[in-house]
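Numbering (UniProt numbering), first residue to last: 1 to 603. Here is the structure we will look at.
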Amino acid sequence: MNYNIIPQLKNVEIHSKLIKLNDFYIDDSISSISKVPKEFLLEGSFNELDGKYAIKFIKNKMNIKDAYKIEIKEKEINIYAEDLGGLIYASSTVSQLDILNNGTLKECIIEDSADMSFRAMSDDISRGQVPTYENFQQVIKNLARYKYNVYMPYIEDVFKFKCCPDWGKFSDGLSGEEWKSLSEYAKQYNIQIRPIINLLGHFDKNTSLKELQKLTIQKEDGSHTDVIDPFNPKVKPLLSKIFDEVVEAFGAGVIHVGGDEPSELTEVYGKEKGGKAFIDHYTWIHNELEKRDCDMMMYADFFAPPWGDYSVGLEKALELPKGINFVFWDYNPKDYYPYVEKLREIGLTVTVSPGSWTWNRFASNIKASWGNTKGLLKTANGQCDHMIMSSWGDGGDCPRELMWPGVIIGAHFAWNNNSSYEFEDFYYAYHKLFFGLDEEDAKNLLNVYHYDNVMNLDDNFIFKLEIFKTPLEISDFEFKKNAHLLIDEMNKALSNIEKMKIKRNINIFDALYLSAMKIKFTAEKLTYLPWEKLTSREDAMTYINKVLYLASEIEKLRLYHEKVWFASNRKADWGYVDTLYHDLRDEFYSLARRFKNFKKFYA
């Protein structure tokens, strides 16, 4: 029996006798508590149409939170758990075993529990896509199915605050009532929704709004930054009102208040004054949250930076009030992350946060996400009880749907910090469980995820940057001579994808098809356009058909991207992405006209 589910099980005792799940039905002891276990159990081959034997829930005191036990016998399946969470996790386990084994299992005893009690995913809905209500529901179901218990939307500008109508007014955000409704929906899946709202740096999109620019740090030349100015007397009264609305929507509990990468705070005010301003600002925020029965969580990089020169040193964190949970993030794949121990050594509570590796890419670099998460969670084992899997947007054109391989990697290691799975074990299980694909299909997708390897690129991000660069200038991309290698690879991938039978999460798989289309197009753009400035009209005319081909391809890409976008998301920033496509198409037509009619072909 294949029992390599996600997350990896802790203890499995397998016996020899075979059982068929369709000989069983779901007992009232399960369905009377919640609809969710039945929903999960019915996702595989199990249909309970002719079941004679019961799948029962037996409430049982467990020694560890979220623990459960399953006894699968010839004529009974018993699930032991203390609460709804354990019952949901056990039901997911049985369902995954069903999918991996086509409904035929062996008698066995499974005992399982989580290494971390707070297993969260942060979802960047502020820089690109804002999900539809139905997609939010899909996200919550998938998180519960893989044993997460916290969903953390990054709501920089997508909360419609009554106290500040300008806040995110062009961002297609959700009202407090909508967030409250979604939080209630999530509870039935044993998921808490706890917001991340950055209250210092990363004020990026709001600083494009005239009224909110006044709240930011101003440089000597009069230009504004993307950092809220803690010295501005209008900031605290506004934030106090914002806290009231956030707590009304999400309830009391953990509030993540950001604090990451405020580089312009120390750049403008210096490290001494900027460091003190940071401490004073977040001390005030902590106290305001405490008044509202909320616990404060914040990023740790102002004290433990993975990059840059904006931090003020570890010891400075001790000047903040006790009880704050510091989120340490570092997305580089490593075996060991010394800052985790250093933060713990000075007495701080630490949450670790690896990354999904989708930002500024055409697809998730699954191997990088795997290495990052494995190393960080192994370092955290026994020292930290909280994990947040980070999934970041890149300004709009990177679909959120691409985050899921990394998100499921996070689920895997947060539940089992020292999993014995190799990357390949996870990779094939993920594609089987999440999409219903066999190993051969999964193999045919490897080069879509790791397209950089085909071109022998060390930098994970530079190729993606080429897609929307103007064709009216000669590309300076150093590796363009290798781009042709990706054309054949993506043609094969697209052909294979079109034959795949997707059983679950079709909209997410469609985004991966879009990835292959984008990779192929970018490779064609680099390959087909001139590599040097043309000096004769005869030479220029030989490129016209290729340029017109690229113009037609970018329009096909735009239309498919639009389909993928609106299958799961509100309009939000589609206008921005749509403009990128239209502008590029227009530039191709302009280049074709120049090649036909001009004596000098480039501006």
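Just so it is clear, CB atoms sit at the ideal spot from N, CA and C, and this is done for glycine as well.
Residue nearest to residue i in terms of C-alpha spacing, selected from the options
i, options, result
"F170", "L143, F136, S126", "S126"
"Y133", "Y146, D301, D172, E553", "D172"
"L472", "Y427, F435, K525, E76", "K525"
"V130", "E553, G393, A414, E107", "G393"
"F231", "L534, K241, K214, N63", "K214"
"E538", "I110, I462, K600", "K600"
"S122", "N444, F136, I242", "F136"
"E466", "F159, E267, E261, D397", "D397"
"I324", "G308, H286, R292, K291", "H286"
"K20", "D98, K59, I26, I33", "D98"
"L512", "L534, H431, K273, G308", "H431"
"T358", "I506, S390, F328", "S390"
"G371", "K533, K241, P354, G128", "P354"
"V12", "R400, K205, I70", "I70"
"Q138", "K492, L580, K10, E401", "E401"
"R585", "Y602, W574, Y549, N597", "Y549"
"C294", "R594, A380, F434, F250", "F250"
"T522", "Y602, R593, R361, Y428", "R361"
Backbone secondary structure at residue i - three-state DSSP
i, result
"V227", "strand"
"K17", "strand"
"I72", "strand"
"M455", "coil"
"Y299", "strand"
"E111", "strand"
"L320", "coil"
"S336", "The question names Ser, yet the displayed sequence has Tyr at residue 336. In the structure shown, Y336 sits in coil (DSSP, three-state: anything other than H, G, I, E or B)."
"Y543", "coil"
"P37", "helix"
"F434", "helix"
"Y513", "helix"
"F477", "coil"
"A429", "helix"
"I502", "coil"
"I279", "helix"
"F468", "coil"
"I508", "helix"
"residue 620", "The question about residue 620 has no answer here: the residues shown for the chain are numbered 1 through 603."
"G44", "coil"
"F598", "coil"
"T535", "coil"
Residues sharing a beta bridge with residue i, DSSP
i, result
"A120", "V150, I388"
"A67", "Partner(s): none; A67 has no beta bridge."
"residue 614", "Here the chain has residues from 1 to 603 only, and residue 614 is not among them."
"K59", "A81"
"W329", "S353"
"K160", "S175"
"N11", "E111"
"P131", "N569"
"I462", "According to DSSP, I462 bridges with nothing at all."
"I346", "In the DSSP output, where bridge partners are listed per residue, I346 has none listed."
"Y53", "F24"
Rounded C-alpha distance that separates residue i from residue j
i, j, result
"I497", "D441", "8 Å"
"E424", "D458", "22 Å"
"M152", "N545", "48 Å"
"D166", "N2", "54 Å"
"Y421", "L446", "18 Å"
"K187", "W284", "31 Å"
"S199", "L265", "It is worth fixing the name first, because residue 199 is Leu in this sequence and not Ser. For L199 and L265, the distance between alpha carbons rounds to 13 Å."
"L18", "K443", "30 Å"
"Y282", "L320", "7 Å"
"A317", "F479", "44 Å"
"L49", "E111", "28 Å"
"R119", "I6", "14 Å"
"A368", "N332", "8 Å"
"A114", "S32", "26 Å"
"D23", "I88", "21 Å"
"I228", "L9", "45 Å"
"V547", "P530", "10 Å"
"K56", "L174", "40 Å"
"L238", "K520", "47 Å"
"F435", "G222", "52 Å"
"W329", "E345", "17 Å"
"N507", "A516", "15 Å"
"I258", "G275", "In the sequence as displayed, the identity of residue 258 is Gly instead of Ile. Going from the Cα of G258 to the Cα of G275 covers about 16 Å."
Residue-chain proximity (residue i, chain D), Cβ-Cβ < 8 Å
i, result
"P321", "Note that chain D does not occur in the displayed structure, where there is just one protein chain."
Minimum length 3: unbroken beta strand (DSSP E) runs contained in the stretch 354–414: 386–391
Start-end ranges of the alpha helix (DSSP H) lying completely within the UniProt domain "Glycoside hydrolase family 20 catalytic" (174–263), minimum 4 residues: 176–187, 210–213, 235–250
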